[in-house]
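Beneath this line is the structure, given in structure tokens, with notes to follow.
Protein chains in written order, with the working numbering: chain A, 179 to 512; chain B, 181 to 426.
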């Protein structure tokens, strides 16, 4: 291999960062809005990637947490609370609810767990829709203000986009640090083989609950930002469809790869927009594309890239297959 | 049971669901010795290990470790007590690096545990692990993986190692090295309790032997006596033992 995986990854990252920084000047306001949506959804998908990708806990409830975060910010900021306090509250509330939702995961796994979390998502959606005294039901909550940062208004699309981007940068850095810490290793151990992890004394119970809580907390933060981005929320966006969409982002990007959610959100948020030229056919085209993607790269886009860039010595044992350093710690380097 | 037994099983009953595998199993493990458990398939050897290590619920009877009752204690606590368990087959985390696998051996360690020093010491003892520390553990050979599992088990200085079929899939030379390693552990004061299919070779490297059949102890004696027992050959060549004299 001429170019190491690490070099390629760094180059791709640098290019993406440059693009994200100059992007608002290349697009019309609608384009900036779509990019902002991408940022918000990426944050929610990073959370789900912790729960599902790293710790192996299937969750179809991420939309519920985005919704809870959104409603907390919408309800309180429209009653005069400062954005930041609602933001912290959204994150911590979802962390706690996520922790509680983790308890079923200690008893059931895989598709059973998927159904438990699916039911939770439906329940939360019904509360948003039916409890009008609290959520205003289908009328939604309007005029959600955007925050100020050090006296600077984030009300205009471009400043708000940079505001979101800064969030994404901070959350990415924190998540990266978490994954590189013994915590990240414990998550992977719990996913790879919970019994094995347990017999080494890994507190699988705590890590399972934590995987849910952290993923949900990021969902809540994403929701809080979403409310400020769209400035009007109603129950519709937080139905099961969004949970499935977030799941799609994690899987298509590459479950358990650090940059998987970033790429997955490109596919789930940006691609449909780019396919709009096909008018009535764009959703069909999009569906076909996702199917092809899953057939040819079931480990997601980054899993596919990983396979292309890894020298073919992938044998399990045998005499010393030499892997490049970048492949060493874990696949998270992707 | 003798007072210098580090581990004692007393009339242990346990199994999976309604099926009981251990039917009142009792034996003792002498401190500082290597003891091998043998017996035909289904005798309950691995089940007994799981029961000791808190992975399988003990329904009746009790288990003592170092004079304390440990029946149904969770694994995390047993590790802190000084027991480590190396299950049968592959037990590495293939996606993690060799160093990170080793680090997981200290998952139950107290907060002031000198992790760095202990990892260095482990890699000094197993140079191959240092050489491959940064590689994904799946790239190790079968023998190296077993070494990694044992090194990982030794991270917290256990008093007792339970090791289930360590020689499976290893070449005869590697099996020799493995038994050397177990004897070396014994010389450092670690008690070893192992299960082996390769009964003859294991007993030749052990101090004591325990023969299980149908979830009960049939014979417990010094290893060389068990090796010389004509009934053992019969047990392993098919058929059960003659009904024990009442």
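C-beta atoms are modelled at their ideal positions from N, C-alpha and C, and glycine is treated no differently.
Between residue i and residue j, is the Cβ-Cβ spacing less than 8 Å?
i	j	result
residue 231 of chain B	residue 258 of chain B	no
residue 341 of chain B	residue 390 of chain B	no
residue 379 of chain A	residue 255 of chain B	yes
residue 421 of chain A	residue 297 of chain A	no
residue 445 of chain A	residue 438 of chain A	no
residue 317 of chain B	residue 347 of chain B	no
residue 260 of chain B	residue 302 of chain B	no
residue 186 of chain B	residue 405 of chain B	no
residue 342 of chain A	residue 217 of chain A	yes
residue 276 of chain A	residue 433 of chain A	no
residue 417 of chain A	residue 340 of chain A	no
residue 375 of chain B	residue 329 of chain B	no
residue 193 of chain B	residue 241 of chain B	yes
residue 394 of chain B	residue 237 of chain B	no
residue 264 of chain B	residue 212 of chain B	no
residue 386 of chain A	residue 322 of chain A	no
residue 362 of chain B	residue 286 of chain B	no
residue 359 of chain B	residue 378 of chain B	no
residue 406 of chain A	residue 325 of chain A	yes
residue 243 of chain B	residue 309 of chain B	no
From which residue to which residue does the beta strand (DSSP E) around residue i run?
i	result
residue 341 of chain B	340-344
residue 200 of chain B	199-210
residue 333 of chain A	Segment: none, residue 333 of chain A is in no beta strand (DSSP E) and carries neither H nor E.
residue 238 of chain B	238-245
residue 259 of chain B	Here residue 259 of chain B belongs to no beta strand (DSSP E); instead the alpha helix (DSSP H) covers 255-261.
residue 218 of chain B	214-218
With a threshold of 8 Å between beta-carbons, can residue i be considered close to chain A, or not?
i	result
residue 351 of chain B	no
residue 334 of chain B	no
residue 249 of chain B	no
residue 267 of chain B	yes
residue 302 of chain B	no
residue 345 of chain B	no
residue 331 of chain B	no
residue 293 of chain B	no
residue 255 of chain B	yes
residue 245 of chain B	no
residue 427 of chain B	In the structure displayed, chain B extends from 181 to 426; residue 427 of chain B sits before or after that span and is not available.
residue 195 of chain B	no
residue 306 of chain B	no
residue 285 of chain B	yes
Do we get a CB-CB distance below 8 Å when we pair residue i with the residues of chain B?
i	result
residue 372 of chain A	no
residue 381 of chain A	yes
residue 201 of chain A	no
residue 363 of chain A	yes
residue 387 of chain A	no
residue 480 of chain A	no
residue 366 of chain A	yes
residue 360 of chain A	yes
residue 183 of chain A	no
residue 501 of chain A	With a pLDDT of 34 at residue 501 of chain A, under the threshold of 50, the modelled position of that residue is not reliable, and no figure is offered here.
residue 377 of chain A	yes
residue 355 of chain A	no
What distance in whole Å lies between the Cβ atoms of residue j and residue i, which are believed to be in contact at a cut-off of 8 Å?
i	j	result
residue 269 of chain A	residue 399 of chain A	5 Å
residue 244 of chain A	residue 291 of chain A	The pair is not a contact, with the Cβ atoms about 19 Å apart (cut-off 8 Å).
residue 353 of chain A	residue 274 of chain A	With a Cβ gap of about 19 Å, residue 353 of chain A and residue 274 of chain A do not count as contacting.
residue 368 of chain A	residue 280 of chain A	Not quite, the Cβ-Cβ distance comes to about 12 Å (not below 8 Å), so this is no contact.
residue 338 of chain A	residue 214 of chain A	7 Å
residue 431 of chain A	residue 478 of chain A	5 Å
residue 253 of chain A	residue 316 of chain A	Contact doesn't hold; Cβ gap of about 16 Å is too wide.
residue 325 of chain B	residue 270 of chain B	6 Å
residue 322 of chain B	residue 349 of chain B	5 Å
residue 487 of chain A	residue 206 of chain A	About 36 Å; that fails the 8 Å criterion.
residue 468 of chain A	residue 219 of chain A	Not quite, the Cβ-Cβ distance comes to about 16 Å (not below 8 Å), so this is no contact.
residue 398 of chain B	residue 407 of chain B	Incorrect: roughly 15 Å between the Cβ atoms, too far for contact.
residue 199 of chain B	residue 226 of chain B	About 14 Å; that fails the 8 Å criterion.
For the alpha helix (DSSP H) containing residue i, list its first residue and its last residue.
i	result
residue 281 of chain B	278-284
residue 234 of chain A	Looking at the DSSP string, residue 234 of chain A is not in any alpha helix (DSSP H), and its letter there is neither H nor E.
residue 190 of chain B	Not the alpha helix (DSSP H): residue 190 of chain B falls in the beta strand (DSSP E), residues 185-196.
residue 230 of chain B	225-232
residue 183 of chain A	183-200
residue 308 of chain B	307-311
residue 325 of chain A	First-last for residue 325 of chain A: undefined, no H or E at that position.
Continuous alpha helix (DSSP H) assignments of at least 4 residues falling wholly in the stretch 353-415 of chain B: Correct list: 379-384 and 403-408.
Length-filtered (3 minimum) beta strand (DSSP E) runs lying within the stretch 238-309 of chain A: Segments of the beta strand (DSSP E) lying fully in the stretch 238-309 of chain A: there are none.
Entirely enclosed beta strand (DSSP E) segments - the stretch 400-430 of chain A, minimum 3 residues: Whole beta strand (DSSP E) segments, 3+ residues: zero.
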